[in-house]
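In this text, residue positions in the sequence shown follow UniProt numbering: the first is 1, and each later residue adds one.
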Amino acid sequence: MKTSIDSVEFFYRKFYYNRHTLTPRLETESLVRSALNIIQNEQIDAVMDVWTWSAIIWISIEKESGIDHVYWLEKSASASKVARSNIALHDSKMKLIKSDLLSHFFKEKELYDFKGKNVLFVANLPYIKNEDWINMSEDTVSEPKMALFWWPISGFELYEKFFRQLFRFKDCFWIQKIFSISEIWFDQKDVAQDYFKKIWLEVAFLKDLRWIDRFINIEI
């Protein structure tokens with residue numbers, strides 16, 4: 001059971017977490033490696049860390065990549081407090097923004113200039129259909145439900161909303177290219193493929209450490 005504040009090692013570094021944030025897991029380190037691979041092979045100008053709760057994912061990427069323009073988007077005020085502790089611990093340069101996915105940028109468009117830039121989005125959204133405890137391990141009982149469950153049908157609905165916003169973001173800010181790496185549930189590949197076929201978008205599915213398709217790599 002999580003205490004008020006605890007620490008864990010993730011990607012060779014110490015981080016804080018508590019009952020308001022997801023417990024960092026080994027599988028998610030593959031998300032970090034995938035993001036680093038994109039940064040290494042593409043000219044990335046800015047990074048958006050979308051709903052990754054305690055900022056552990058992006059800080060791990062930041063310390064290995066040297067990217068300076070980082071925006072951390074979070075809806076949960078409780079998770080933000082833990083993220084601030086991790087940002088202070090690792091002297092991170094990321095900018096914290098309270099936002100429902102990318103809505104902040106659409107409301108405050110005049111404050112940002114991404115014209116002609118390449119932007120990477122790293123997302124770990126709630127992706128489990130409501131109350132699907134059967135397919136979950138015992139250690140998830142103490143996880144915040146807001147971080148796990150979101151939609152009743154497939155659990156992929158929030159990602160569909162996010163991907164729609166990516167297209168809008170590119171048009172709104174005259175982005176040169178958008179890259180996105182996202183973590184999904186172990187049984188969502190077919191659901192995701194059906195969705196991307198409907199919108200005529202080619203994507204790549206990447207495997208986690210157990211060779212399960214758990215990550216979606218997108219270029220727009």
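Don't be surprised by glycine CBs; every beta carbon is placed ideally from N, CA and C.
Own chain residues within Cβ distance below 6 Å of Val119, not counting five before or after: Ala46, Ile175 and Ile178
Between Ile57 and the rest of its own chain, which residues show a CB-CB distance below 7 Å, the 5 nearest in sequence each way excluded? Thr28, Leu31, Val32, Asp49, Val122 and Asn124
Quick check: Leu209 and Leu36, are their CB atoms within less than 8 Å of each other? no
For Ile216 and Ala88, I'd like the C-alpha separation in whole angstroms. 30 Å
Do the region 5-21 and the region 187-198 make contact, defined as three or more Cβ pairs closer than 8 Å? no
I think Ser54 touches Ala79, with their Cβ atoms under 8 Å apart; what is that distance to the nearest whole Å? 6 Å
Using only the alpha-carbon positions, how far apart do Trp200 and Trp72 sit? 29 Å
Rounded to the nearest angstrom, what separates Lys170 and Leu111 at their Cα positions? 16 Å
Quick one: Cα of residue 256 to Cα of Val82, how far? With the chain represented from 1 up to 220, any question about residue 256 goes unanswered, as that position is not in the structure.
Using beta-carbon positions only, say whether Val70 and Lys95 come within less than 8 Å of one another. yes
Using 10 angstroms around the beta-carbon of Trp133, count the other beta-carbons present and answer buried if the total reaches 16, otherwise exposed. Any answer about Trp133 is weak, because its pLDDT of 47 lies below 50 and its placement is not dependable; what the coordinates show is given next. That one is exposed.
Apart from the five residues on each side of it in sequence, which residues of its chain come closer than 7 Å, Cβ to Cβ, to Ser65? Leu36 and Ile39
Roughly how many angstroms separate the alpha carbons of Glu219 and Gly155, rounded to a whole number? 23 Å
Using the beta-carbon count (16 or more within 10 Å), is Tyr12 buried or exposed? exposed
Ignore the nearest five residues each way along the sequence and tell me which others in Glu160's own chain have a CB closer than 8 Å to its CB. Tyr195
Does the distance from the C-beta atom of Ile59 to that of Ser92 stay below 8 Å? yes
Would Lys189 and Asp213 qualify as a contact pair, given that the criterion is a beta-carbon distance under 8 Å? yes
Does the Cβ of Asn18 have 16 or more other Cβ atoms within 10 Å, making it buried, or fewer, making it exposed? buried
Rounded to the nearest angstrom, how far is the Cβ of Leu101 from that of Phe162, given a contact under 8 Å? 5 Å
Distance check for Glu62 and Ser85, CA to CA, integer angstroms please. 16 Å
Whose C-alpha, out of His90, Gln43, Ile181 and Glu183, is nearest the C-alpha of Tyr16? His90
Quick check on Glu202: does DSSP put it in helix, strand or coil? coil
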